[in-house]
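One structure below.
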Amino acid sequence: MKVTPSKLNSYLFLKLPSAYWTGVRVKEISEETCVSTVKHRWINQNPFRSMYFAVQAMAAELSTGALVMYQIQKSGASISMLVAQNNSVFTKKAVGRIRFQCTEGSKVKAAIQTAIETGEGQTFWMKSIGKNERGEAVSEMNFEWTIKVKPPKN
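For the sequence shown, counting from 1, position 7 maps to 11 in this note's numbering; every step adds exactly one.
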């Protein structure tokens, strides 16, 4: 399957319905960058009239994880992926449409190449920055991804 925004959004509907129903969507993906968005609505609000932090985390994780999926698919190798840790900083109320962008595709590509060459699992951190419609940062989230080449099936 070629990794495209449309296919990733269908994947959300089927495999991550909470992200889909709260409005998380992939808008663009390339070898280096992935952008996901989510709009503040009734279903994803907190009691303080802004977007619930977990919804922001879903959109941010998607912008990093989709890049991992993209690079794995491009490599042609059978590789598992999993988030090991994450952390976040919130700097402004998230209202309106929030755009999360990760621009670290080359970091993923290098880790995949190392995993394939050495056969050892790799870990790496990826950052996604969420900005409002005025271009102001509302949150920054970091995810530690682990990847491992799967052993061949007999």
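All C-beta atoms in this analysis are idealised placements derived from N, C-alpha and C, irrespective of residue type, glycine included.
Rounded separation between residue i and residue j - CA only
{"i": "E36", "j": "T118", "result": "18 Å"}
{"i": "I120", "j": "S84", "result": "12 Å"}
{"i": "I33", "j": "K157", "result": "31 Å"}
{"i": "F17", "j": "W25", "result": "8 Å"}
{"i": "F52", "j": "R138", "result": "20 Å"}
{"i": "N90", "j": "N146", "result": "5 Å"}
Inter-residue CB distance, residue i and residue j (contact presumed, cutoff 8 Å)
{"i": "A141", "j": "K96", "result": "7 Å"}
{"i": "A88", "j": "T122", "result": "The Cβ separation is near 18 Å, so there is no contact."}
Own chain residues within Cβ distance below 6 Å of residue i, not counting five before or after
{"i": "F104", "result": "S40, A63, A64, S67, S132 and G134"}
C-beta contact flag for residue i and residue j at 7 Å
{"i": "V7", "j": "Y74", "result": "yes"}
{"i": "V30", "j": "A70", "result": "yes"}
{"i": "V93", "j": "E144", "result": "yes"}
{"i": "I152", "j": "G109", "result": "It should be noted that the sequence gives Lys, not Ile, for residue 152. Contact flag unset, no."}
{"i": "S82", "j": "K154", "result": "yes"}
Cβ shell of residue i (< 7 Å), same chain only, five flanking positions each side left out
{"i": "Y15", "result": "none"}
{"i": "R45", "result": "G27"}
Mind pulling the alpha helix (DSSP H) runs of 4 or more residues that sit fully within the stretch 88-139?
-> 109-122
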